[in-house]
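**Q**
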Amino acid sequence: MHRLVTLTRDPIFDSAYISQRSMSATMGAAVSFSGVVRGHENGEAITAIEYEANEPMALHQFDILLDLIEEQWPMIETVRIVHRLGKVPVGEPSLWLEIIAPHRAEAFASGQFLIDEMKKSVPIWKKMIG
Amino acid sequence: MTIRVQFWSYFKDLSGCAETTEQLPPGATIDQLLKNLYARFPKLSAMQNSTLIAVGLEYQGRSYLLNEGDEVSLFPPVQGG
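Chains as they are written, first to last, in the numbering used here: chain A, 660 to 789; chain Z, 881 to 961.
1) Compile a chain-ordered list of the residues in the stretch 695-712 of chain A whose CB is closer than 7 Å to at least one CB of chain Z.
2) When you compare only the Cα positions, how much space is there between valine 958 of chain Z and proline 906 of chain Z?
3) From what residue to what residue does the beta strand (DSSP E) around proline 748 of chain A run?
4) Decide if phenylalanine 799 of chain A is buried, meaning its Cβ has at least 16 other Cβ atoms within 10 Å, or exposed.
5) Can you tell which of A:Thr685, A:His719 and A:Tyr710 has the C-alpha that lies nearest to the C-alpha of methionine 734 of chain A?
6) Would leucine 894 of chain Z pass as an interface residue toward chain A - the criterion being a Cβ-Cβ separation below 9 Å?
7) Would leucine 945 of chain Z be called buried (16 or more neighbouring beta carbons within 10 Å of its own) or exposed?
8) Checking the sheet assignment: what are the DSSP bridge partners for alanine 767 of chain A?
9) Assign arginine 739 of chain A to one of two classes, buried (16 or more other C-beta atoms within 10 Å of its C-beta) or exposed (fewer than that).
10) Taking Cβ-Cβ distances below 9 Å as the criterion, which residues of the stretch 923-936 of chain Z are in contact with chain A?
11) Please tell me whether serine 780 of chain A has its Cβ less than 9 Å away from any Cβ of chain Z.
12) Taking 8 Å as the cut-off, does the stretch 739-749 of chain A touch the stretch 704-724 of chain A (at least 3 CB pairs, one atom from each stretch)?
13) For lysine 785 of chain A, count neighbouring C-beta atoms within 10 Å of its own C-beta (all shown protein chains included) and say buried if the count is 16 or more, exposed if not.
14) On a Cα-Cα basis, can you pick out the residue from A:Asp669, A:Glu765 and A:Arg680 that is closest to glutamate 730 of chain A?
15) Assign aspartate 950 of chain Z to one of two classes, buried (16 or more other C-beta atoms within 10 Å of its C-beta) or exposed (fewer than that).
16) Please state if the CB of leucine 937 of chain Z and the CB of methionine 682 of chain A are separated by a distance shorter than 9 Å.
17) So glutamate 899 of chain Z and glutamine 886 of chain Z are in contact, right, with Cβ under 8 Å, and what is the actual spacing, rounded?
18) Quick check: the Cα distance between isoleucine 788 of chain A and proline 752 of chain A, rounded to an integer number of angstroms?
19) Only counting the same chain, and skipping five residues up and downstream in sequence, which positions put a Cβ closer than 7 Å to that of glutamine 940 of chain Z?
20) Check whether chain Z comes within 9 Å of serine 753 of chain A, counting only Cβ atoms and requiring the distance to be less than that.
21) Check whether the Cβ atoms of glycine 960 of chain Z and leucine 754 of chain A sit closer than 9 Å, and answer yes or no.
22) Assuming serine 889 of chain Z contacts proline 956 of chain Z under a Cβ cut-off of 8 Å, what Cβ separation, rounded to an integer in Å, is found between them?
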């Protein structure tokens, strides 16, 4: 499985990542997801979220999750995940994810798994900016 | 032995610093480290039920036996995405 995990302080341009997509002829599903900063958190208006990470540990914990995905869905060809750090204004993506798989079922299921598990184990934190 | 401790997220505010060191006897556990830290940084002790602990890149529990040179991270529940 090809895997690419990126932590970046630059804006995430989904279309740029999608334009770099490569998939072999046996793959029939490309699922991508953008997590975008909302203008309200816990009922309060915000202007941005500041993300902080323990970067070496975050990369390692993402790798553990990708090992689990490879074990559970061995037919997946590629997982790319990009998480932005620093101040992310409302309306901009903080997270971008892509799964390339033979069929949609494993692409959607593994993407959901990755995000759910990331929120439990990958050391990234956020601070709301009003 | 000397153990380096890093605080993350709002644990930095609670401790008033991003990192510190602790001197512990050989064979000490994370639990002993935490007791020392809570004495030095009382505001952290309020978070003890929701404190995550890592040594190096791996999560560890309170019974983990520390070794000279270990780098310990303490932080609140993660919130990525």
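Virtual Cβ for every residue (Gly too), placed ideally from N, Cα, C.
**A** Reading off the structure:
1) Glu711
2) 31 Å
3) 745-748
4) Only positions 660 to 789 of chain A appear in the structure, and residue 799 of chain A is not among them; the question remains open.
5) A:Thr685
6) no
7) exposed
8) Going by the sequence as given, residue 767 of chain A is phenylalanine instead of alanine. Partner(s): none; phenylalanine 767 of chain A has no beta bridge.
9) buried
10) Leu932, Ala934 and Gly936
11) yes
12) yes
13) buried
14) A:Glu765
15) buried
16) no
17) 5 Å
18) 16 Å
19) Ile910, Ile933 and Ala934
20) yes
21) yes
22) 5 Å
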